[in-house]
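Every position in the sequence shown, counted from 1, becomes a number in this note's numbering once 137 is added.
This report concerns only the one structure given below.
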Amino acid sequence: MSDGERERAKRNKTITLSEAERTEYRSRLISLDAPTKAEQLLDRTICQNLFEAIDYLPDAFVDLLFIDPPYNLTKNFNGKTFNRMNHREYAEWLDGWFAKLMRILKPDATVYVCGDWRSSHSIFEVASNYLNVINRITWEREKGRGALSNWKNASEDIWHCTKSADYKFYVDRVKLKRKVIAPYRTAQGAPKDWNEASDGKYRLTHPSNLWTDLTVPFWSMPENTDHPTQKPEKLLAKIILASSDEHDVVFDPFGGAGTTAVVAKKLNRRYVSVEIDETYCCLAEKRLRMAERDASIQGYSNGVFWERNTFPRIGQDRR
138 MSDGERERAK RNKTITLSEA ERTEYRSRLI SLDAPTKAEQ LLDRTICQNL FEAIDYLPDA
198 FVDLLFIDPP YNLTKNFNGK TFNRMNHREY AEWLDGWFAK LMRILKPDAT VYVCGDWRSS
258 HSIFEVASNY LNVINRITWE REKGRGALSN WKNASEDIWH CTKSADYKFY VDRVKLKRKV
318 IAPYRTAQGA PKDWNEASDG KYRLTHPSNL WTDLTVPFWS MPENTDHPTQ KPEKLLAKII
378 LASSDEHDVV FDPFGGAGTT AVVAKKLNRR YVSVEIDETY CCLAEKRLRM AERDASIQGY
438 SNGVFWERNT FPRIGQDRR
């Protein structure tokens, strides 16, 4: 039974593949066996082990590198298992490909690296050997199981790094629109540092390194897939808008089901994605095709980000 034929509830919006779609999208995938020019890679999904592809990538062609590697825990990815290591082994595994990726970066490139509490210190250790680590973003995961003998793990880290002191960062593109709880007015009665609309009172706030407005994809969201560690499109939108310009090249060496590539496409960037699993690559290609018809990003509308669970209002704004 194919993904598309699997029994699911009618309201389940999870993106799946029929056998016909799998055949179609498989034909779009590429793999590398010789040094390749950047023009041949742009807007393509490379279905290959990163360790096999990395030496064939061109020099200095990436503006923004987003890395979401397997965290240091035992996890199954569509039949492929990543096994937990000790701290030193995991750091050595990271370094084995991290060092080689530095070659593909432009001088003013920006790098973001994801991790959880187990892997974050190893990531910082390795990244700081090659890059300027300028911040750590912590984002709240809305879903997750409770724990009886420990605090529930409800956050992840993203390390913000740069190749040099010359890098891109556009704060005005990533402001968050928050509801005003206690609105102040001037002596003349005008709103002070907030705006009044027909549906409420709002303030545009500068982004911090604590993100609490994200929703991890789940079955009722149209971006959801069966990938076990899928990041929200909204998370990638923040990163891509803040740290790149239109037509810049966004590279993801652990592409998964294509979230980075999809958001890059929606925001008019070029993308290159590497992913070892063919099913996830085909899902990425299907999502890229879907993005040609619908470039909306849940939680982002009219040039600003909205607080969590404001999708219905955003849907109205887009009509």
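In this text, a Cβ means the ideal position worked out from N, Cα and C, and glycines have one as well.
The structure displayed is predicted, hence computed values, not measured ones.
Pair within 8 Å by beta-carbon distance, residue i and residue j
i, j, result
"ILE377", "VAL400", "yes"
"VAL387", "PRO344", "no"
"LYS150", "SER438", "no"
"TYR249", "ILE295", "yes"
"ASN405", "GLU383", "yes"
"ILE413", "ALA374", "no"
"LEU187", "TRP254", "no"
"ALA190", "VAL353", "no"
"GLU277", "LEU372", "no"
Start-to-end residues for the alpha helix (DSSP H) that takes in residue i
i, result
"GLY233", "224-238"
"LYS212", "Here LYS212 belongs to no alpha helix (DSSP H); instead the beta strand (DSSP E) covers 212-214."
"ILE376", "370-380"
"TYR145", "Before going on, a small fix: residue 145 reads as Arg here, not Tyr. Where ARG145 is concerned, there is no enclosing alpha helix (DSSP H), given that its DSSP letter is neither H nor E."
"PHE203", "Careful: PHE203 lies outside any alpha helix (DSSP H), inside the beta strand (DSSP E) at 199-204."
"LYS402", "396-403"
"ALA264", "257-264"
"GLN177", "175-178"
Outcome for residue i when other beta-carbon atoms lying within 10 angstroms are tallied against a minimum of 16
i, result
"ASN209", "buried"
"GLN177", "exposed"
"LYS368", "buried"
"GLY440", "exposed"
"LYS402", "buried"
"ILE285", "For the record, residue 285 in the displayed sequence is Leu; it is not Ile. By the neighbour-count rule (16 or more Cβ atoms within 10 Å), LEU285 is not buried but exposed."
"ARG148", "exposed"
"ILE274", "buried"
"ASP454", "For ASP454, the predicted model reports a pLDDT of 40, less than 50, meaning its position is unreliable and no value from the coordinates is stated."
"GLY395", "buried"
"HIS224", "exposed"
"ALA291", "exposed"
Opening and closing residue of the beta strand (DSSP E) in which residue i lies
i, result
"GLU412", "407-412"
"THR218", "217-219"
"VAL311", "Premise fails: VAL311 is in no beta strand (DSSP E) and is neither H nor E."
"THR442", "In the sequence as displayed, the identity of residue 442 is Phe instead of Thr. 441-443 is the span of the beta strand (DSSP E), which, as asked, contains PHE442."
Residues that residue i bridges to, as DSSP identifies them
i, result
"ASP294", "GLY252, THR275"
"PHE306", "DSSP lists no partner for PHE306."
"LEU194", "None, per the DSSP bridge assignment."
"GLY154", "With the sequence shown as reference, residue 154 is identified as Leu, and Gly is not the correct amino acid for it. For LEU154, which the question treats as bridged, DSSP gives no partner whatsoever."
"ILE183", "ILE167, VAL411"
"ASP389", "SER410"
"SER247", "In the sequence on display, residue 247 carries Thr and not Ser. THR247 pairs with LEU201, THR299."
"ASN269", "THR299"
"LEU242", "VAL199"
"SER438", "VAL441"
Cβ of residue i within 8 Å of any chain B Cβ
i, result
"ARG159", "The structure shown contains no chain B; it holds only a single protein chain."
- If you pair each beta-carbon of the region 259-267 with each one of the region 221-232, do three or more pairs fall below 8 Å? yes
- Contact the region 235-243 vs the region 417-437: 3+ CB pairs below 8 Å: Here the region 235-243 does not lie against the region 417-437, with fewer than 3 beta-carbon pairs under 8 Å apart.
- Between the region 288-303 and the region 264-280, are three or more C-beta pairs nearer than 8 Å? Taking one beta carbon from each stretch, the region 288-303 and the region 264-280 have 3 or more pairs nearer than 8 Å; the two touch.
- Counting Cβ pairs, one atom from each stretch, are 3 or more of them under 8 Å apart for the region 350-365 and the region 197-209? no
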